[in-house]
Structures are given as C-alpha cells and as structure tokens.
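Numbering (my numbering), first residue to last: 8 to 226.
Glycine is no exception: its CB is placed at the ideal position from the N, C-alpha and C atoms.
For clarity, every value in this text was computed on a predicted model and none was experimentally measured.
Okay, so here's the structure we're looking at.
Shown next as structure tokens:
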C-alpha cells in the first residue's frame, strides 16, 4: 500500500502523523511525505531553509519513510497565488505516486496555508473513476488545529493506537527538527506532543494514540 502525507511546512507531518507513519512503514507500506511550501529570502534565511530540509530527510529516514518530496510553493504568499498554481503541483504528485491512502491537514486549522493545502489535496484526491486513492484522513497539528474552535473544531473519529515504542519514535523524529522545536509549554514541544498522544489514547482506552478525521474511505 502507498501512503502519502501532505505537510504544509516541515514538522507538520511528525506532529500529526509521526507515530502512524512509523507503524505503516514498519509494516511494509511505502510512506512518502510531501513538504508543500518553501521559505525564500529575504524573509527566510537560505541556510535555515537548507537546515529544515536536512531535518525533514532525517525525520523521514528515522521513521522508515521514502525520501520526502518538496513542492517549493512559496510560504507566506500562497494566499496570493491562483488556485491553479497551488493545485497543479499537488495534482501532479498524486498522479505520479498513485497513493492509496492520503493524510492531509485539518480543514479548520487556523493557518491559511494549512487550509489551502487541505483544499488542493482534496481536489487532487477527488473520487474520479480509476483513482487509486481509497482513503483520505485529516490530522491535527498542535498550535494550528486547536486554535480555531468556534466553527472548525477537530472531531476525530479514527484513532491509531501508539505503544511506548511508536510514541518514542515519533518523539525522536520530532527531535530531528531542532530548528522548529520549542520548549514546553509551547505547543510545538516534545512534552506537548506526548501529552496530546496520551490524551487521545485515554479517549479510546490505550496509553497513547494519534487521532484523525475521516474524509472518505472506499472499502
């Protein structure tokens, strides 16, 4: 089975799907992460961008995933681009990889680029005749998914149980992103991610879990 995870920015994939990706890869599935955006000067230092890409590769390798794909859509300016300019590279990637399962950021994330990636992925994965995509799941990202709760609450209806081993791998993968990692109680910290995993686990009677919202499943 081929799995594709769309991450608007480097580390989103680990925050939302890190443990699940490790389990799937270990089970023999082909897991690929797509980092959609890229920072450009003068707003982003080129060395920092290169460091982030190196970290993304290290994290994917640690999880047992394929080499990550970088679409290089300029971050902080996606909302000024046409829908076609965003959708085209996303569609091309889906057509090329022919994934069976796709993970995308939650449509209610407060970051506009998360919303745009969600929309582009849904367009690329629409249930056309002959499509290889049989399941689409939305994942949550600390500091994005939980900050717009009035009308866009994340309501999970699918859970992936994580043992101490898989949660440990997720934490190690997150630690690859030293350029992004922050200290607790910041949401993007190892302790915060561990706390969320334990909370999601408690809701289904296990020690830890990752939670998802089912967009579509074809059995």
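Host beta strand (DSSP E) of residue 80 (start-end) | Numbered from its first residue, the chain shown carries residue 80 at position 73. Start and end: 76 to 81.
Name the two residues that bound the continuous alpha helix (DSSP H) containing residue 14.
-> The sequence position of residue 14 within the chain shown is 7, counting from 1. Element bounds for residue 14: not the alpha helix (DSSP H) but the beta strand (DSSP E), 9 to 14.
Residue 188 by DSSP, collapsed to three states: which one?
-> Taking the chain shown and counting its residues from 1, one reaches residue 188 at position 181. Reduced to three states, the DSSP call for residue 188 is coil.
Counting along the chain, where does the beta strand (DSSP E) carrying residue 106 start and finish?
-> Taking the chain shown and counting its residues from 1, one reaches residue 106 at position 99. First-last for residue 106: undefined, no H or E at that position.
Straight-line Cα distance separating residue 25 from residue 36 | In the chain shown, residue 36 corresponds to position 29, counting from 1. In the chain shown, residue 25 corresponds to position 18, counting from 1. The alpha-carbon atoms of residue 36 and residue 25 are separated by roughly 14 Å.
Where DSSP assigns a beta bridge to residue 223, which residues make up the other side?
-> The residue labelled residue 223 in the question sits at position 216 within the chain shown. For residue 223, the pairing in a beta bridge is given by DSSP as 143.
Output the distance between the C-alpha atoms of residue 3 and residue 67, rounded to the nearest integer angstrom.
-> Examination of residue 3 is not possible in this model, given that the chain is present from 8 through 226 alone.
What residues match up with residue 41 in a beta bridge as DSSP calls it?
-> Here residue 41 refers to the residue found at position 34 of the chain shown. 13 and 76.
Which residues share a DSSP beta bridge with residue 165?
-> Here residue 165 is taken as the residue at index 158 of the chain shown, counted from 1. Listed as beta-bridge partners of residue 165 by DSSP are 219.
For residue 49, does the three-state DSSP call read helix, strand or coil?
-> If you number the chain shown from 1, residue 49 lands on position 42. Correct three-state label for residue 49: coil.
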